[in-house]
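Engineer:
There are 2 protein chains.
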Amino acid sequence: MSDIPKIFSALSDPTRFAIVERLMNEGELPAGALQAGFDISAPAISRHLSVLNGAGVVNRRVNRQQRLYSVRPEIMQDICSWTMTHREFWESSLMRLEAALVEEMNKK
Amino acid sequence: MSDIPKIFSALSDPTRFAIVERLMNEGELPAGALQAGFDISAPAISRHLSVLNGAGVVNRRVNRQQRLYSVRPEIMQDICSWTMTHREFWESSLMRLEAALVEEMNKK
DNA sequence: CCACAATTTAACATTTACATTAAATAAAGT
DNA sequence: ACTTTATTTAATGTAAATGTTAAATTGTGG
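First to last, the protein sequences are chains A and B.
Sequential numbering of the first sequence, starting at 63, is according to our numbering.
Sequential numbering of the second sequence, starting at 63, is according to our numbering.
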């Protein structure tokens, strides 16, 4: 299994989170296209991309003088799977909360 | 919707991640019980719990001189929901990857 | 009220994260 | 070869995170 805290660390920065969302919505993009839209320097974006790559969140591909980045879908599946391993906990907890709310309503 | 990067930030620390997993498996626990098992000082654990609480990941409840902590199930649901909003992206991507693998197999 | 137990806050040191500007690298086009 | 384009690496400063020990807080019980 993959290192979930490391993935979360990569996604904990708002800029990196936005980059990943953009890549999922728009597909593979070069570093330059990602810089546009973030009020931040090119080296800063490059570092963020390097962090994402280091955590296995994105892939890097070279095409001419561009570096194209894309989200590794396995990472999203890993996060989803992690929530699922605790699904019994949170689904039953939420049901108890809902039941407690209904109780409250009936009392008043 | 909730602040996913903030939740990820809270869960990016290995100690905090382990605390949250323990709380989900064992249920509500006092700070002291959480300290045991982590080779770290009580104030450090207290700070980690405060960070988790600040991000809305855990709830704090007072009972006698103990502070009891538990995971807020909504947070797990929020993370799960976030992956689901991008499900089309990652499921189709994974299918393409699998198809490409099958192609490779057939060639050889 | 005093002592104990559980936990947090304060003060401090150290490491890590993130931004910037300037310089380096890589690939193409002229 | 020289210039332009795209991106990264280096050097540096500053802010934030994390750990420690010591002191303060909060609640129980003699």
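Here a beta-carbon is modelled for each residue, glycine too, at the ideal position from N, C-alpha and C.
Hey, LEU73 (chain A) and PHE70 (chain B): beta-carbon distance below 8 Å or not?
Structural biologist: Yes.
Engineer: Tell me the DSSP secondary structure of GLN97 (chain A) in three-state form.
Structural biologist: Correct three-state label for GLN97 (chain A): helix.
Engineer: Which residue from B:SER155, B:GLN128, B:ASN125 and B:VAL120 puts its Cα closest to that of MET138 (chain B)?
Structural biologist: Nearest C-alpha to MET138 (chain B): B:VAL120.
Engineer: Strictly under 8 Å for the Cβ-Cβ distance: is LEU73 (chain B) near chain A by that measure?
Structural biologist: Closer than 8 Å: yes.
Engineer: Would you tell me roughly how many angstroms separate the C-alpha atoms of VAL124 (chain B) and SER108 (chain B), rounded to the nearest one?
Structural biologist: Looking at the two C-alpha atoms, the distance is approximately 14 Å.
Engineer: Per DSSP, what are the beta-bridge partners of LEU130 (chain A) in this structure?
Structural biologist: For LEU130 (chain A), which the question treats as bridged, DSSP gives the partners A:PRO92 and A:ARG123.
Engineer: For the region 77 to 93 of chain B against the region 146 to 165 of chain B, are there 3 or more C-beta pairs whose distance is under 8 Å?
Structural biologist: No, the region 77 to 93 of chain B does not touch the region 146 to 165 of chain B.
Engineer: Any Cβ of chain A within less than 8 Å of the Cβ of PHE156 (chain B)?
Structural biologist: For the record, residue 156 (chain B) in the displayed sequence is Leu; it is not Phe. So yes, LEU156 (chain B) belongs to the interface.
Engineer: Measuring only between beta-carbons, confirm whether HIS110 (chain B) sits less than 8 Å from chain A.
Structural biologist: Closer than 8 Å: no.
Engineer: With distances taken from CA atoms, which of A:PRO76, A:GLU153 and A:LEU130 is nearest PHE100 (chain A)?
Structural biologist: It is A:PRO76 whose Cα lies nearest to the Cα of PHE100 (chain A).
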